[in-house]
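To start, the structure under review is shown below, and the notes come after it.
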Amino acid sequence: MKYGFIDSMRGIAILMVILVHTSQSIVLSDYWLQILAAYGQMGVQLFFVASAYTLCLSAQRRKNEKNAIANFFIRRFFRVAPIYYLGIIGYFALRFLLSCSQAGQCSIPSQYTPLNVIANILFVNGLYAPANNNIVPGGWSIGTEMLFYLVFPFLITLITKFLTNKFFVVGLPLFTVMVSCSILVLSGYEVVNNGFIYFSLLNQLSVFAVGISLFLIHTHHGSLISRFKLAYLYVLVIGFSSISVYIGWIAPQKHSFIVVPFISAIAFAFLIEIFKRNKSKKLWLLESIGQRSYSMYIVHFVFAHELSRAFNTHILMNNFGSAISLLICYGGTVFATYYLAGFSAKYIEKYFI
Numbered sequence: 011m012k013y014g015f016i017d018s019m020r021g022i023a024i025l026m027v028i029l030v031h032t033s034q035s036i037v038l039s040d041y042w043l044q045i046l047a048a049y050g051q052m053g054v055q056l057f058f059v060a061s062a063y064t065l066c067l068s069a070q071r072r073k074n075e076k077n078a079i080a081n082f083f084i085r086r087f088f089r090v091a092p093i094y095y096l097g098i099i100g101y102f103a104l105r106f107l108l109s110c111s112q113a114g115q116c117s118i119p120s121q122y123t124p125l126n127v128i129a130n131i132l133f134v135n136g137l138y139a140p141a142n143n144n145i146v147p148g149g150w151s152i153g154t155e156m157l158f159y160l161v162f163p164f165l166i167t168l169i170t171k172f173l174t175n176k177f178f179v180v181g182l183p184l185f186t187v188m189v190s191c192s193i194l195v196l197s198g199y200e201v202v203n204n205g206f207i208y209f210s211l212l213n214q215l216s217v218f219a220v221g222i223s224l225f226l227i228h229t230h231h232g233s234l235i236s237r238f239k240l241a242y243l244y245v246l247v248i249g250f251s252s253i254s255v256y257i258g259w260i261a262p263q264k265h266s267f268i269v270v271p272f273i274s275a276i277a278f279a280f281l282i283e284i285f286k287r288n289k290s291k292k293l294w295l296l297e298s299i300g301q302r303s304y305s306m307y308i309v310h311f312v313f314a315h316e317l318s319r320a321f322n323t324h325i326l327m328n329n330f331g332s333a334i335s336l337l338i339c340y341g342g343t344v345f346a347t348y349y350l351a352g353f354s355a356k357y358i359e360k361y362f363i
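Going by our numbering, 47 is the number at position 37 of the sequence shown; the sequence numbering is gapless.
Structure below.
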């Protein structure tokens, strides 16, 4: 069963992620443009919220299925692994060829140790820092999500015992972020943006909890959110997003990036509610992007980093300002990634699913 509003969320998520990665290839002179582009990294958190929501939908539909847990893990593996494994091979080949052209002699990139590669093949890179985000670019989110898949069947079984308690349903994300904060702060970890602890499931679990809580509100306590008028929802999205931007990038503190993903997830929960109410068919392109979003996530780094950097350096930089350069590179990256992902989504993703 397809849910257009979820595909739209995935579409927004991948567009945000492509924005931040494309911006890394261009020196942006405008401060607020830097902030806008940086916030694009929260697209991963939007993916996490949407993922938790859809997992709950699937669990509800399949609650009477035989061998439910085994089938769940089989479906998740074949949904994620084939494209990811191609990413491991493809990015190794790309980096190897770049080393040949740039250094004058071919060499295997240093991060491709047997242990790092095996950790990514087994999707435990989220537990091993040297392998977490340098075999497949952005691979940290896949590792974190796979760890969440590992605990989800048991987590949802526990949560279903408290479905009728609206205080539990609403308070679940807050409780989760408080536990994460307590463990990380008391352990003395400094959660640096895009550091290993930031990437960890412990730090991101509250984001998944927001998606679970939103699903439970929609299915069991709909009146809690249906009373919000559409205008209020827009205000809440802008408000929580602005708080995230302020404490994450404008006035960051030592432990900002424990709570920034959580606050952004709250904004995205209200955004999902807006799109859930919107029955317009004018969002077909956004939905189509969302349907290809996983393939786009894996392949977009080629265009956002390597090609955009070369294009900007040799053609755009001397002729346009940074904002126009970003717009051109971003548009080209989205266009190229969308069509390449269409091929992989059709002939690889759908086939293995």
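Where a beta carbon is used, it is the ideal one built from N, C-alpha and C, also for glycine.
Since the structure is predicted, the reported quantities are computational estimates derived from the model, not experimental observations.
Going by beta carbons, Val-30 and Gly-97 fall outside the 8 Å limit. For Tyr-208, same chain residues with a beta-carbon under 7 Å away, outside a window of 5 residues either side, are Val-201, Val-202 and Phe-267 in chain order. Pairing Asn-126 with Asn-175, the inter-Cα distance amounts to about 44 Å. With a threshold of 16 other beta carbon atoms within 10 Å, Glu-297 meets it and is buried. Cα atoms of Leu-173 and Ile-193: separation of roughly 26 Å, rounded to the nearest angstrom. Per DSSP, Pro-271 is one residue of the alpha helix (DSSP H) stretching across 266-287. Proximity of the segment 256-263 to the segment 175-185 falls short of the contact definition, fewer than three beta-carbon pairs being nearer than 8 Å. Leu-157 and Ser-223 have their alpha carbons spaced roughly 19 Å apart.
Within the segment 61-118, no run of beta strand (DSSP E) at least 3 residues long lies entirely inside it. When the alpha-carbon of Thr-343 is set against those of His-315, Lys-360 and Thr-123, the nearest one is in His-315.
Excluding the 5 residues flanking it on each side, Ala-139 has same chain C-beta neighbours closer than 6 Å at Phe-206, in chain order.
Leu-215 is a Cβ neighbour of Ser-190, given a cutoff of 8 Å. Restricting attention to alpha helix (DSSP H) runs no shorter than 4 residues, the segment 144-185 encloses them at 149-169, ordered along the chain. Burial is judged here by how many other beta carbons sit within 10 angstroms of a residue's own beta carbon; Leu-212 has at least 16 and is buried.
In chain order, Arg-105 place their CB closer than 6 Å to the CB of Pro-119, counting only its own chain and leaving out the 5 sequence neighbours on each side. Contiguous beta strand (DSSP E) elements confined to the segment 284-362 do not occur, taking only those with 3 or more residues. Contact between Arg-302 and Tyr-348 holds: their C-beta atoms lie close to 6 Å from each other, under 8 Å. Contact holds between the segment 275-286 and the segment 237-249, because three or more Cβ pairs, one in each stretch, are under 8 Å apart.
Membership of Phe-206 in the alpha helix (DSSP H) is indicated by the continuous run 206-209. Taking the CA atoms as reference points, Ile-338 sits about 33 Å from Ala-141. According to the DSSP assignment, Tyr-49 belongs to the alpha helix (DSSP H) that extends over 41-49.
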